[in-house]
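**Q** Here you go, one structure.
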Amino acid sequence: MKKRFIAVLLLFATNSVFSQDISFQDAKTSVKTEKRIFLTENLELPSDEISQFWIIYDKYEYERTLLVDERFSIIKDAVNMEGSYSIDEKSKDVDLLIDLQEDELKLKKKYLKIMRKELSEETVVRFFQLNEFSDSYFKASLLNGVKLLSR
């Protein structure tokens, strides 16, 4: 249910993944599980699309996770290098993060085409709505505990 998913994400909002209590991998695993539950409960998949949807979704999530891991690595390195982080390094990381956003958009477009070939338009639209909601909420929650870099 939506409330359960939101409650888990709020937990992450109050505990930064940079803390010693919860690792990024633990947070990622928990969110993946909760996201899958959230989608299962809210997608309302027709019985003839269930199997095909999850096959496509798992491939999409695998590719998306590679981008998420790379983005997290850049942000984590920036936070860890705070005192010795030059403007050139900051600028380079901004470029890398923008490139990752472009890659993520390409990935979404790729899977939009795949899903449209294999699934009903209702399922595709509903998935992308729910996926955007959950991804945005998780990203905001994850970054809530991250301090901004100083000037």
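Residue numbers (mature numbering (1 follows the signal peptide of the UniProt record, and there is no 0)): -19 to -1, 1 to 132. Every residue gets a Cβ at the ideal spot worked out from N, C-alpha and C, and that includes glycine. These numbers come from a predicted model, not from an experiment.
(1) Between which two residues does the alpha helix (DSSP H) harbouring Glu30 extend?
(2) Rounded to whole angstroms, what is the Cα-Cα separation between Lys16 and Leu77?
(3) Output the distance between the C-alpha atoms of Ala59 and Ser67, rounded to the nearest integer angstrom.
(4) Where does Leu78 fall in DSSP's three states?
(5) Could you have a look at Tyr66 and say whether DSSP puts it in helix, strand or coil?
(6) Measure the C-alpha to C-alpha separation of Asp50 and Glu44 and round it to an integer number of angstroms.
**A** The answer reads as follows:
(1) Within the sequence shown, numbered from 1, the residue matching residue 30 stands at position 49. In the DSSP annotation of this structure, Glu30 is not part of any alpha helix (DSSP H), being labelled neither H nor E.
(2) Taking the first residue of the sequence shown as position 1, residue 16 is located at position 35. Taking the first residue of the sequence shown as position 1, residue 77 is located at position 96. Taking the straight line from one Cα to the other gives about 27 Å.
(3) Along the sequence shown, read from residue 1 onward, the residue named residue 59 stands at position 78. Along the sequence shown, read from residue 1 onward, the residue named residue 67 stands at position 86. The straight-line gap from Cα to Cα measures roughly 10 Å.
(4) Mapped onto the sequence shown, residue 78 falls at position 97. Three-state result, Leu78: helix.
(5) In the sequence shown, the residue the question calls residue 66 occupies position 85. If DSSP states are grouped into helix, strand and coil, Tyr66 belongs with coil.
(6) To locate residue 50, count along the sequence shown from 1; it is residue 69. To locate residue 44, count along the sequence shown from 1; it is residue 63. Rounded to the nearest angstrom, the two C-alpha atoms are 10 Å apart.
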